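Take a look at the structure set out below.
Protein chains in written order, with the working numbering: chain A, 1 to 380; chain B, 1001 to 1123.
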């Protein structure tokens, strides 16, 4: 029987990265090079296809003689003494190894990432942790569907549809993350009424909240809250990601029968609007039991879902808030639960004042003669 | 009757241009460069007209001051012109919702400014 074609979604994601990335299999051969690597490090991609040096490195990794990540210089051309420096990190499947050329630091999104201590290997880690559960979930759904459909006629596609939707959300996160760190979305022109945005996020996450038995409450919404100016879509995204993250985290190790409460508060402090997302814990205290995880069948369901907690969302949210001149702080302890605080500057964004003055002066110059004419008439 | 006009604009050069333009008329001019100061002067002076820049520092922007004026029984007769660098329809709609009497998008013509002020004050 011919196996149905299943595209490797992780590689599709790597394809979209502007960071050169080469993956070696256990034999030390190149199993994949993304388009950025082919374009920027084309010689390395050709020369490292069958490299004895790389094969030796991979062998040492597999034998546990070399710990990853490991910085290495690979010889591309002995006659020209040409080398390529880079870092080997663990690959997406766990047995393959990824090589990240150092030259990638000078291009595209990576320039921003590195300045923000957001290294390439952490990007790989984020992709692994954030996307692989969704990919695996979809894959499991397809396998289960195939098995079931070989026995009976299956008409319910909801499992696959939901898995696709989840993966789509994750991919959108990755695209936004790339854009945010690539400075593509620095548009601070929208008038944002935060209570409306927070409300929209809560509505969007309501189905998940109900499913996870989480009560979302909004506190401090008044007409006195100042407006914020910025990128509406990005701010929505930041709040969505953090609330989503908090929701998933709130159920870790908590009995399913407990209803959890997450409170979102808005208040003005000086020239900042503060938005806090506070995991208040179980609504009916104190039956939270972290020790009983695994003793109840229903808890495993929660654990599986919690594993899908987004990791891309948090650095992305932080970056979005920073791009708007604000800060994002996260704190957590067993007594207070987790607490995320956004501080966003209110009032005017940084205006292109010089440009505006110039345009205003031009407008005045154009009408100056008419203005003086009017003044003369007034004086008469 | 001589009208009092409050010009609220955080960019000094643009504020001065507006002041210079309005000096052609028979007005008593006041100025503010931030939201809280503007609101204080509105309450103290009770001008006939306020020119309000929407985006201002101080945690109180033009929209909010406009809404405060229009919802205060003692101040609601004050004419409000919102000045903005934002020409989007949504911003204009929001300004009108807050009760502003006119809306000027920067860069605006000095003649447009004078005409708008004169129309609102019936001079």
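Note that CB positions come from ideal geometry on N, CA and C, so glycine has one too.
All values derive from a computational prediction rather than experimental measurement.
Between the beta-carbon of residue 1057 of chain B and that of residue 371 of chain A there is about 30 angstroms, and that puts the pair past the 8 angstroms contact cut.
Of all residues in the segment 363-376 of chain A, only 363, 364, 366, 367, 368, 370, 371, 374, 375 come within less than 9 angstroms of chain B when Cβ atoms are compared, listed by chain position.
For residue 246 of chain A, the enclosing alpha helix (DSSP H) starts and ends at 232-250.
Cβ atoms of residue 1061 of chain B and residue 226 of chain A come within 8 angstroms of each other, at about 6 angstroms. Its Cα nearest to that of residue 233 of chain A, the residue A/197 stands out among A/244, A/197, A/98, A/206.
For the pair residue 344 of chain A and residue 314 of chain A, the CB atoms are not nearer than the 9 angstroms cut-off. Counting only residues of its own chain and dropping the five nearest sequence neighbours on each side, residue 339 of chain A has a CB closer than 6 angstroms to the CB of 278, 331. Taking C-beta separations shorter than 6 angstroms and ignoring five residues to either side along the sequence, the partners of residue 20 of chain A in its chain run 36, 37, 40, 41, 101, 104, following chain order. Near chain A, meaning a CB-to-CB distance below 9 angstroms, the residues of the segment 1062-1079 of chain B are 1063, 1064, 1067. Look at residue 161 of chain A here: in three-state DSSP terms it is helix. Not one beta carbon of chain A lies nearer than 9 angstroms to the beta carbon of residue 1019 of chain B.
Between the C-alpha atoms of residue 135 of chain A and residue 327 of chain A there is a straight-line separation of about 32 angstroms. Following the DSSP letters along the chain, one finds residue 1081 of chain B inside the beta strand (DSSP E) bounded by residues 1079-1084. Interface criterion not met: the Cβ of residue 1033 of chain B is under 9 angstroms from no Cβ in chain A. Taking 9 angstroms as the cut-off, the Cβ atoms of residue 263 of chain A and residue 210 of chain A do not count as close.
In the three-state reduction of the DSSP assignment, residue 1014 of chain B falls in the helix class, which pools H, G and I.
In the DSSP assignment, residue 215 of chain A falls within the unbroken beta strand (DSSP E) covering 214-219.
The three-state reading of DSSP puts residue 133 of chain A in helix, counting H, G and I together.
Taking C-beta separations shorter than 8 angstroms and ignoring five residues to either side along the sequence, the partners of residue 1038 of chain B in its chain run 1006, 1008, 1032, 1050, 1052, 1056, 1060, 1065, following chain order.
The bridge partners DSSP lists for residue 71 of chain A are A/87. Excluding its 5 nearest sequence neighbours in each direction, residue 141 of chain A has C-beta neighbours in its own chain below 7 angstroms: 159, 160, 163, listed in chain order. For residue 1030 of chain B, the closest Cβ of chain A is not nearer than 9 angstroms.
Counting along the chain, the unbroken alpha helix (DSSP H) around residue 199 of chain A starts and ends at 194-211. Residues of chain A whose Cβ lies closer than 9 angstroms to the Cβ of residue 1110 of chain B are, in chain order, 363, 364, 367, 368, 370, 371. Between residue 1083 of chain B and residue 1114 of chain B, the beta carbon gap of about 14 angstroms keeps them out of contact (Cβ cut-off 8 angstroms). Between the C-alpha atoms of residue 144 of chain A and residue 153 of chain A there is a straight-line separation of about 13 angstroms. The C-beta separation of residue 194 of chain A from residue 266 of chain A comes to about 6 angstroms, placing the pair in contact by the 8 angstroms criterion. Put simply, the CB of residue 327 of chain A is far from chain B, with every gap to its CB atoms at 9 angstroms or more.
Between residue 173 of chain A and residue 214 of chain A, the C-beta gap is not smaller than 9 angstroms, which leaves the two residues out of contact. By the Cβ criterion, the segment 42-54 of chain A is in contact with the segment 23-34 of chain A, since at least three pairs of Cβ atoms, one from each stretch, lie closer than 8 angstroms. Look at residue 360 of chain A: its C-beta is under 9 angstroms from a C-beta on chain B. At a cut-off of 9 angstroms between beta-carbon atoms, residue 1114 of chain B makes contact with chain A. A Cβ-Cβ distance of about 11 angstroms is found for the pair residue 1023 of chain B and residue 1017 of chain B, leaving them out of contact under the 8 angstroms criterion.
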